[in-house]
Amino acid sequence: MEKLGVGIGWRPEIDLTVERLPGVDFVEVVAENLHVGHLPESVLLLRERGVPVLPHAVSLSLGGAEPVDAQRVAHLGALAEALDAPLVSDHVCFVRAGGLDSGHLMPLPRTRDALDVLVANVKAAQQDLPVPLALENVAALLDWPDGELTEGQFLAELVDRTDCHLLVDVANLYANARNLGTDVARFLDEIPLERLAYVHVAGGEEHQGVYHDTHAHAVLPEVLDVLAQLRARVDPPGVLLERDDDYPADAELAGELAAIRAVLG
Amino acid sequence: MTQPQRDRLAAAQAELLRALLAGGDVPAGFDAERVRVERRALLAKRRGIVEMIRPDVAAELGERFRPLFDAYAAAHPKEVGTRFRDDANRFADWAVARGELAPPRRRRWWRRAT
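What follows is the structure, encoded as structure tokens:
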């Protein structure tokens, strides 16, 4: 994979911060929030500087039972071309079902059925995308019954059957370790790290014994420890900090980026 | 072909979302407490987005915003195709219809704002 370095999620609320933070090697934009043809000035400025801008989608619902919505895929692809992005991403999840919209990234049952549908949807999306697709593990508050595979096995088979890349979110992995008992070391051993596109790091908080992946709190040391466990196995092509709410001072975000760099060594 | 898998997955995913969003029963095999936690998390996320889109409505309702929005959301789960802006505006209309929120003032072009 192409070397990306250390980055941060570009959001309109922190556009100036992202522009002036030192050492931002790449950024990510939420695909659904941008319109090709009306790209934010700040995003265009970063492109002019040569900073890679990676579109990150949240609504393809690739793990949903319904076939992929071609319009959503087309938008993601058009954005990748407009930004000259090396790859795009979405999640291993479903968003919609039975006419209802969860408004969130819902975990999939780790069953053969779910994997078969996910693989078919991912292949359909890949056919219409101009660049490679990376898929991200999500954070879950609840677990489906009757799982037939571990999360690592599920992702490994997904990569094997679709040739997609992986976007490993270490905060989501930590969340699943806390909330579902996922074995972090086993997860990292089972996934094909040679297909790692980049890594997400984010903050969250524990509430009544459950870890919530809020993207509105500081990054926990425990999450950086998961990043260190990953780093012990592979030198990730990129690591990106996500912050989506309760934006802190620039210095705090700079400190979190520095902490990430320190772990990467 | 993946149709049989799709049909089984569709039923399972729909059942879970009904439990989380539309007051449905906890599906077999799920931890009821975690379903409750997830339900609250999804509701809080939806409420937060509506508050962000219509801060005027949230401000006018004050402490009533949260219980009112939660009552609205329970009766109106977000359906596929509904944008968050529509969701926020529908909540405002719902609150107006219940007399909880003042109707939007009709702006007359001949009257200057004072």
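Here the protein sequences come in this chain order: A and B. Sequence positions in the first sequence follow our numbering and run 527 to 791. Sequence positions in the second sequence follow our numbering and run 1391 to 1504. We put the CB at the ideal spot given by N, CA and C, even for glycine. Note that the structure is predicted; figures quoted are calculated from it, not measured.
Please confirm if residue i has its CB atom under 9 Å from at least one CB of chain A.
| i | result |
| --- | --- |
| B/ARG1454 | no |
| B/ASP1397 | yes |
| B/VAL1470 | yes |
| B/ASP1415 | no |
| B/GLU1405 | yes |
| B/ARG1480 | no |
| B/ALA1412 | yes |
| B/PHE1459 | no |
| B/GLU1450 | no |
| B/PRO1445 | no |
| B/ASP1476 | no |
| B/ALA1465 | no |
| B/GLY1489 | no |
| B/ARG1424 | yes |
| B/ALA1485 | no |
| B/ARG1408 | yes |
| B/ALA1492 | no |
The alpha helix (DSSP H) that contains residue i, what's its start and end?
| i | result |
| --- | --- |
| A/GLY603 | 596-609 |
| A/ARG636 | A/ARG636 -> no alpha helix (DSSP H), and no H or E assigned at all. |
| A/GLU716 | 710-716 |
| B/LEU1432 | 1422-1443 |
| A/VAL544 | 541-546 |
| A/VAL802 | It is not possible to answer for residue 802 of chain A, since the shown part of chain A is limited to 527 through 791. |
| A/VAL789 | 776-790 |
| B/LEU1399 | 1393-1411 |
Please identify the residue among the options whose C-alpha is closest to the C-alpha of residue i.
| i | options | result |
| --- | --- | --- |
| A/GLU768 | A/LYS529, A/GLY549, A/VAL555 | A/VAL555 |
| A/PRO538 | A/GLN734, A/GLY549, A/GLU558 | A/GLU558 |
| A/GLY563 | A/VAL749, A/ALA606, A/GLY764 | A/ALA606 |
| A/LEU644 | A/HIS630, A/PHE680, A/GLY629, A/LEU668 | A/PHE680 |
| A/VAL614 | A/PHE713, A/PRO658, A/VAL532 | A/PRO658 |
| A/VAL749 | A/GLU720, A/HIS561, A/ARG704 | A/ARG704 |
| B/ALA1401 | A/GLY576, A/ASN663, A/GLY625 | A/GLY625 |
| A/ASP595 | A/GLN653, A/ARG638, A/PRO566 | A/GLN653 |
| A/ALA711 | A/GLU677, A/LEU668, A/GLY781 | A/GLU677 |
| B/VAL1447 | B/LEU1399, B/ALA1485, B/GLN1395 | B/ALA1485 |
| A/ARG757 | A/ARG787, A/HIS743, A/HIS741, A/GLU731 | A/ARG787 |
| A/ALA701 | A/VAL752, A/LYS649, A/PRO635 | A/VAL752 |
| A/LEU602 | A/VAL760, A/PRO593, A/GLY589, A/ASP616 | A/ASP616 |
Would you give the residue range spanned by the beta strand (DSSP E) that residue i belongs to?
| i | result |
| --- | --- |
| A/SER615 | 614-617 |
| A/ALA754 | Not the beta strand (DSSP E): A/ALA754 falls in the alpha helix (DSSP H), residues 747-757. |
| A/PRO581 | 579-582 |
| A/GLY533 | 531-535 |
| B/ARG1473 | Careful: B/ARG1473 lies outside any beta strand (DSSP E) and carries neither H nor E. |
| A/LEU766 | 764-768 |
| A/LEU659 | 659-662 |
| A/LEU693 | 691-695 |
| A/GLU732 | 731-733 |
| A/VAL736 | 736-738 |
Sort out for me which residues DSSP pairs residue i with in a bridge.
| i | result |
| --- | --- |
| A/LEU560 | Beta-bridge pairing links A/LEU560 to no other residue. |
| A/TYR724 | A/LEU693 |
| A/LEU626 | A/ALA623, B/GLU1469 |
| A/GLU554 | A/GLY535, A/LEU580 |
Taking 9 Å as the CB-CB cut-off, is residue i touching chain B?
| i | result |
| --- | --- |
| A/VAL736 | yes |
| A/ASP771 | yes |
| A/ASP695 | no |
| A/ASP541 | no |
| A/ALA711 | no |
| A/ARG638 | yes |
| A/ASN559 | no |
| A/TYR749 | Residue 749 of chain A is actually Val in this sequence, not Tyr. Taking Cβ atoms only, chain B never reaches closer than 9 Å to A/VAL749, which makes this a no. |
| A/ALA646 | yes |
| A/ASP642 | yes |
Does the beta carbon of residue i come closer than 9 Å to any beta carbon on chain D?
| i | result |
| --- | --- |
| A/VAL584 | Absent from the structure is chain D; the protein chains it does hold are A and B. |
Item to complete: Could you name the residues of the segment 610-635 of chain A whose beta carbon sits closer than 7 Å to any beta carbon of chain B, in the order they occur along the chain?
Response: Taking 7 Å as the upper bound on Cβ-Cβ separation, chain B lies near residues PHE620, ARG622, ALA623, GLY624, GLY625, LEU626, ASP627, SER628, GLY629, HIS630, PRO635 of the segment 610-635 of chain A.
Worksheet item: Taking any Cβ of chain A, which residues in the segment 1427-1438 of chain B have a Cβ under 9 Å from it, in chain order?
Response: Listed by position, the residues of the segment 1427-1438 of chain B near chain A (Cβ gap below 9 Å) are VAL1427, GLU1428, ALA1431, LEU1432, LYS1435, ARG1436, GLY1438.
Fill in: Residues from the segment 650-675 of chain A in contact with chain B, defined by Cβ distance under 9 Å
For chain B, the residues of the segment 650-675 of chain A that bring a beta carbon within less than 9 Å of one of its beta carbons are ALA666, LEU667, LEU668, ASP669, TRP670, PRO671, ASP672, in chain order.
Discussion item. Along the segment 569-603 of chain A, where does the CB come closer than 9 Å to a CB of chain B? Name the residues.
Written reply: For the segment 569-603 of chain A, which is checked against every Cβ of chain B, the residues closer than 9 Å are GLY589, GLY590, ALA591, GLU592, PRO593.
Worksheet item: Of all the residues that make up the segment 678-703 of chain A, which are near chain B by a beta-carbon distance shorter than 8 Å?
Response: So nothing in the stretch comes that close.
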